[in-house]
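Undergrad: The structure's right below; bear with me while I get my questions together.
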Amino acid sequence: MDRMLAARLHVPSRTLRVEEVPRPQPGPGEVLVKVEAAGVCLSDVHLVDGTLTPLFLRGDTVTLGHEVSGTVAGTGEGVTAWTPGQRVVLHAGQIRDGVTYTRGVDYDGGWAEYALSAADAMTALPDAIPFEQGAIIPDAVSTPWGAITQTGAVRPAEAVGVWGVGGLGVHAVQLLRVIGACPIVAVDPNPTARQRALAAGADLALDPANPDLRAAVRAATGGSGLAVAFDFAGVPIVREQAVSVLAPRGRLVLVGLTDKPLTLTHGTHFSYLQQQIRGHYGSDMPVALPQLLRLIEGGRLDFSGSVSAVLPLARAAEAVERLRKKEGDPIRLVLRP
Numbered sequence: 001m002d003r004m005l006a007a008r009l010h011v012p013s014r015t016l017r018v019e020e021v022p023r024p025q026p027g028p029g030e031v032l033v034k035v036e037a038a039g040v041c042l043s044d045v046h047l048v049d050g051t052l053t054p055l056f057l058r059g060d061t062v063t064l065g066h067e068v069s070g071t072v073a074g075t076g077e078g079v080t081a082w083t084p085g086q087r088v089v090l091h092a093g094q095i096r097d098g099v100t101y102t103r104g105v106d107y108d109g110g111w112a113e114y115a116l117s118a119a120d121a122m123t124a125l126p127d128a129i130p131f132e133q134g135a136i137i138p139d140a141v142s143t144p145w146g147a148i149t150q151t152g153a154v155r156p157a158e159a160v161g162v163w164g165v166g167g168l169g170v171h172a173v174q175l176l177r178v179i180g181a182c183p184i185v186a187v188d189p190n191p192t193a194r195q196r197a198l199a200a201g202a203d204l205a206l207d208p209a210n211p212d213l214r215a216a217v218r219a220a221t222g223g224s225g226l227a228v229a230f231d232f233a234g235v236p237i238v239r240e241q242a243v244s245v246l247a248p249r250g251r252l253v254l255v256g257l258t259d260k261p262l263t264l265t266h267g268t269h270f271s272y273l274q275q276q277i278r279g280h281y282g283s284d285m286p287v288a289l290p291q292l293l294r295l296i297e298g299g300r301l302d303f304s305g306s307v308s309a310v311l312p313l314a315r316a317a318e319a320v321e322r323l324r325k326k327e328g329d330p331i332r333l334v335l336r337p
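Taking full-length UniProt numbering, the leading residue of the sequence shown gets 1, the next gets one more, and so forth.
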């Protein structure tokens, strides 16, 4: 049987090892993809450190990696839409029987030499887009895109705030600029992240510890506050701060994942202003990926600066540690088998 390398997480012990495993074979309706690039996400870090736990994983070990690009290596019975050699981006998950299963969490992902995908859970990757950039789109880009266009329903000229300008938040700033949000306020304790936000298109970048933050937001929005605030940090104190600068009927969109309780200090005030809290997860891949790829091809978006470093698959554990420690303030680290 053919073998391959894969970065496997033993969930009970949170042990990550790159080891040799059998190469999967595509079954009916499946496609085997030769992985060319796979992104390293903060969610992967949280799976390794125990903050996140798979909900639907069968067994106790999983190959990580939900941001994956590659080429079709083979197809299973009944697959006619794909042929060997085609460049593809794998969706970060798929819905079956009304349940969302996440690649690299609930089933084996792309931190490997080869990965399986359902034939309807892939999108063609144009030749002009490098594999490294294509790989990060299924989460680092499409998740904020879905949060902005669907959950947050941001409209042109609406005032918007982004808390946490990391791997997803910095892309949110770019995407908000493209759809015409104004002004865009970025909030992050890291000076490098704030500079990055301004370079990506933010109109104002603030330190959350700034005692004049609320006044600065009010001034930037003509006294009305933010129509939409996005929490990409997943930190309870962030949510309280974001709510404090929301406009009447403003929406707080929760994108950053956390296992901490959701609380509101001034519940009556929140209700009086008819504000909303909306949870967000992932995106509608069959819709989002073609949209984003078209915008990249058309020159409206450029994510060439988002790939901070490319490491070999054998150094997966190192990549996780570098992201955990934020060494070099990376936007996205990418693994190549």
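No residue lacks a Cβ here, since even glycine has one placed at the ideal position from N, Cα and C. Remember, it's a predicted structure, so these values are computed and weren't measured experimentally.
(1) Please state if the CB of residue 29 and the CB of residue 119 are separated by a distance shorter than 8 Å.
(2) Based on the DSSP secondary-structure assignment, which residues constitute the bridge partners of residue 114?
(3) Based on the DSSP secondary-structure assignment, which residues constitute the bridge partners of residue 310?
(4) Identify every run of the beta strand (DSSP E) within the segment 184-257, keeping only runs that are complete inside it and at least 3 residues long; order them along the chain.
(5) Please identify the residue among 263, 272, 259 whose C-alpha is closest to the C-alpha of residue 247.
(6) What is the rounded straight-line gap between the Cα of residue 168 and the Cα of residue 161?
(7) The beta strand (DSSP E) with residue 55 in it runs from where to where?
(8) What does DSSP give as the partner residues of residue 338 in its beta bridges?
(9) Comparing C-alpha positions only, which one of 212, 337, 184 sits nearest to residue 199?
(10) In or out: residue 102 buried (at least 16 other Cβ within 10 Å) or exposed?
(11) Taking residue 171 as the reference, give the member of 152, 324, 142 with the closest Cα.
(12) Using 8 Å as the cut-off, can you tell me whether the segment 83-96 makes contact with the segment 67-74, which would need three or more C-beta pairs spanning the two stretches below that distance?
(13) Count the other CB atoms within 10 Å of the CB of residue 39; is the residue buried (16 or more) or exposed (fewer)?
(14) Taking only runs that begin and end inside the segment 70-119, name each unbroken beta strand (DSSP E) of 3 or more residues, in chain order.
(15) Counting beta carbon pairs with one atom in the segment 52-59 and one in the segment 137-152, are three or more of them shorter than 8 Å?
(16) Tell me the rounded alpha-carbon separation between residue 320 and residue 275.
(17) Which word fits residue 296, buried or exposed, when buried means at least 16 other C-beta atoms lie within 10 angstroms of its C-beta?
(18) Measure the CB-CB distance between residue 24 and residue 32 and report whether it falls below 8 Å.
(19) Residues in its own chain within less than 7 Å of residue 308 by CB, not counting five upstream and five downstream?
(20) Where DSSP assigns a beta bridge to residue 123, which residues make up the other side?
(21) List in chain order: all unbroken alpha helix (DSSP H) runs of 4+ residues lying wholly within the segment 148-184.
(22) Tell me whether residue 144 is buried or exposed, calling it buried when 16 or more other Cβ atoms sit within 10 Å of its Cβ.
(23) When you compare each of 292, 238, 243 to residue 225 by their alpha carbons, which one comes out closest?
TA: Answer, in terms of the structure:
(1) The answer is yes: Cβ separation under 8 Å.
(2) 34, per the DSSP bridge assignment.
(3) Residue pairing from DSSP places residue 310 in a beta bridge opposite 334.
(4) Within the segment 184-257, the complete beta strand (DSSP E) runs of at least 3 residues are 184-187, 204-206, 226-231, 246-254.
(5) Residue 247 has its Cα closest to that of 272, out of 263, 272, 259.
(6) Near 14 Å, if we compare the C-alpha coordinates of residue 161 and residue 168.
(7) That residue, residue 55, is in no beta strand (DSSP E); it is neither H nor E in DSSP.
(8) Nothing in the structure corresponds to residue 338, since the chain is present only between 1 and 337.
(9) Residue 184 is the option with its Cα nearest to residue 199.
(10) So residue 102 ends up on the buried side.
(11) Relative to residue 171, the option among 152, 324, 142 whose CA is nearest is 142.
(12) Because the criterion of three Cβ pairs below 8 Å is met, the segment 83-96 and the segment 67-74 touch.
(13) Within 10 angstroms of the beta-carbon of residue 39 lie 16 or more other beta-carbons, which makes it buried.
(14) As far as the segment 70-119 is concerned, its whole beta strand (DSSP E) runs of at least 3 residues are 87-90, 93-96, 99-102, 114-118.
(15) The segment 137-152, when compared against the segment 52-59, does not touch it at the 8 Å Cβ threshold.
(16) Taking the straight line from one Cα to the other gives about 37 Å.
(17) Answer is buried; the Cβ neighbour count reaches 16.
(18) Yes, these two residues count as a Cβ contact at 8 Å.
(19) Here the set comprises 328, 330, 331, 332, 333.
(20) In the DSSP output, where bridge partners are listed per residue, residue 123 has 89.
(21) Correct list: 169-179.
(22) Buried, because 16 or more other Cβ atoms sit within 10 Å of the Cβ of residue 144.
(23) Distances from the alpha-carbon of residue 225 to those of 292, 238, 243 put 243 closest.
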